[in-house]
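Take a look at the structure set out below.
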Amino acid sequence: MVQKVALVTGSSRGIGKATALRLASEGYDIVINYARSKSAALETAAEVEALGRKALVVKANVGDIEKIKNMFAQINMEFGRLDIFVNNAASGVLRPAMELEESHWDWTMDINSKALLFCSQEAAKLMEKNGGGKIVSISSLGSIRYLENYTTVGVSKAALEALTRYLAVELAPKNIVVNAVSGGAIDTDALKHFPNREELLEGARAKTPAGRMVEIEDIVNTIMFLITEKASMIRGQTIIVDGGISLLV
Numbered sequence: 001m002v003q004k005v006a007l008v009t010g011s012s013r014g015i016g017k018a019t020a021l022r023l024a025s026e027g028y029d030i031v032i033n034y035a036r037s038k039s040a041a042l043e044t045a046a047e048v049e050a051l052g053r054k055a056l057v058v059k060a061n062v063g064d065i066e067k068i069k070n071m072f073a074q075i076n077m078e079f080g081r082l083d084i085f086v087n088n089a090a091s092g093v094l095r096p097a098m099e100l101e102e103s104h105w106d107w108t109m110d111i112n113s114k115a116l117l118f119c120s121q122e123a124a125k126l127m128e129k130n131g132g133g134k135i136v137s138i139s140s141l142g143s144i145r146y147l148e149n150y151t152t153v154g155v156s157k158a159a160l161e162a163l164t165r166y167l168a169v170e171l172a173p174k175n176i177v178v179n180a181v182s183g184g185a186i187d188t189d190a191l192k193h194f195p196n197r198e199e200l201l202e203g204a205r206a207k208t209p210a211g212r213m214v215e216i217e218d219i220v221n222t223i224m225f226l227i228t229e230k231a232s233m234i235r236g237q238t239i240i241v242d243g244g245i246s247l248l249v
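Mapping to our numbering: the sequence shown position 32 is 32, numbers consecutive.
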């Protein structure tokens, strides 16, 4: 039996960690990528190994193309293949549009948008060797609607969704399926950086038509569906998982 391999960027915590652990529980060896928190990445690796799967931990800022290439070289050396790429790593400067500086823009766009293109180029080379694969990116509702202080991240996620469409078409001949998942407000570590965090959470609790906030597992469930053969004819789409809140005016 062929042992399949999945890379999840930004997988030391939050949605990335939960996705890595679910993939491990489904039988995938896991590449854990982190930029800063080595201890958290090693904890995730230990949990993956406790599930009986291999874990390769790679430090790489995915906004840096040389570090991307080095990460994929390590994956190729360790496993010689890649079946799933979950583009989860994200960052961003949370300020009003009029207060943004060039460095804020470049930092956010590099990690949230540029990384998808150049990671996908490298992922496709490995996937092609074993007959295809799946790429799923994590987006957010800020890509299609205004969120306070969210200019750089929202624009970068809109770019990510557009790039998802282009990659879906151009990688289809290689049997690589490309999609994205966009979530509503989720109470993760990332949300702690929002100046208006409590307001966002309270709004999500009170207004979501489904009657509860979106949870990490809701996003992971959608990722796991998109990497199955049942979803093989879904291409270049951004699946919104928000309990219906984006349907409200």
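The beta-carbon is built from N, C-alpha and C at its ideal position, and this holds for glycine as well.
Output the distance between the C-alpha atoms of residue 75 and residue 209, rounded to the nearest integer angstrom.
Here residue 75 is taken as the residue at index 75 of the sequence shown, counted from 1. Here residue 209 is taken as the residue at index 209 of the sequence shown, counted from 1. Residue 75 and residue 209: Cα-Cα distance of roughly 42 Å.
When you compare only the Cα positions, how much space is there between residue 121 and residue 137?
For the purposes of this step, residue 121 is taken as the residue at position 121 of the sequence shown. For the purposes of this step, residue 137 is taken as the residue at position 137 of the sequence shown. Approximately 14 Å between the Cα atoms of the pair.
Under a three-way DSSP split, which group does residue 34 fall into?
Position 34 of the sequence shown, counted from the start, is the residue given in the question as residue 34. If DSSP states are grouped into helix, strand and coil, residue 34 belongs with the strands.
How is residue 201 classed by DSSP in three states: helix, strand or coil?
Sequence index remark: in the sequence shown, residue 201 carries index 201 (1-based). Here residue 201 sits in helix by DSSP.
Contact check, residue 169 vs residue 239 under 8 Å by CB: the rounded distance?
The count along the sequence shown starts at 1 and reaches residue 169 at position 169. The count along the sequence shown starts at 1 and reaches residue 239 at position 239. The pair is not a contact, with the Cβ atoms about 18 Å apart (cut-off 8 Å).
Looking at the unbroken alpha helix (DSSP H) that takes in residue 277, where does it start and where does it end?
Examination of residue 277 is not possible in this model, given that the chain is present from 1 through 249 alone.
Should residue 8 and residue 58 be called a contact, given that it needs their Cβ atoms to be closer than 7 Å?
Counting from one through the sequence shown, the residue named residue 8 turns up at place 8. Counting from one through the sequence shown, the residue named residue 58 turns up at place 58. No; because the gap between Cβ atoms is not below 7 Å, this pair is not in contact.
State the CB to CB distance for the pair residue 143 and residue 112, rounded to an integer number of angstroms; the pair is presumed to be in contact (CB under 8 Å).
Your numbering for residue 143 matches position 143 in the sequence shown. Your numbering for residue 112 matches position 112 in the sequence shown. With 8 Å as the limit, residue 143 and residue 112 do not qualify as a contact, their Cβ atoms being about 10 Å apart.
Whole-angstrom Cβ separation of residue 328 and residue 48, contact assumed at under 8 Å?
The requested residue 328 is not part of the displayed model; the chain covers only 1 to 249.
Candidates 45, 15 and 90: which alpha carbon is nearest residue 35's?
To locate residue 35, count along the sequence shown from 1; it is residue 35. Here the closest residue by C-alpha is 90.
Rounding to the nearest angstrom, what Cα-Cα distance links residue 55 and residue 98 in this structure?
One-based indexing of the sequence shown puts residue 55 at position 55. One-based indexing of the sequence shown puts residue 98 at position 98. About 43 Å.
Can you tell me whether DSSP reads residue 55 as helix, strand or coil?
Mapped onto the sequence shown, residue 55 falls at position 55. Note: residue 55 maps to strand in three-state DSSP.
Which residue marks the beginning of the alpha helix (DSSP H) containing residue 225, and which one marks its end?
The residue you call residue 225 lines up with position 225 of the sequence shown. Residues 216-226.
Could you pull the start and end residues of the beta strand (DSSP E) that residue 182 belongs to?
Taking the sequence shown and counting its residues from 1, the one referred to as residue 182 is at position 182. Looking at the DSSP string, the run of the beta strand (DSSP E) that includes residue 182 is 176-183.
Near residue 212, what residues of its chain come up, given a Cβ to Cβ distance below 8 Å and the 5 sequence neighbours on each side ignored?
Position 212 of the sequence shown, counted from the start, is the residue given in the question as residue 212. Cβ within range, chain order: 205 and 243.
Thinking C-alpha only, which one of 31, 84 and 247 is nearest residue 131?
The residue you call residue 131 lines up with position 131 of the sequence shown. Comparing Cα-Cα distances from residue 131 to each of 31, 84 and 247, the minimum goes to 84.
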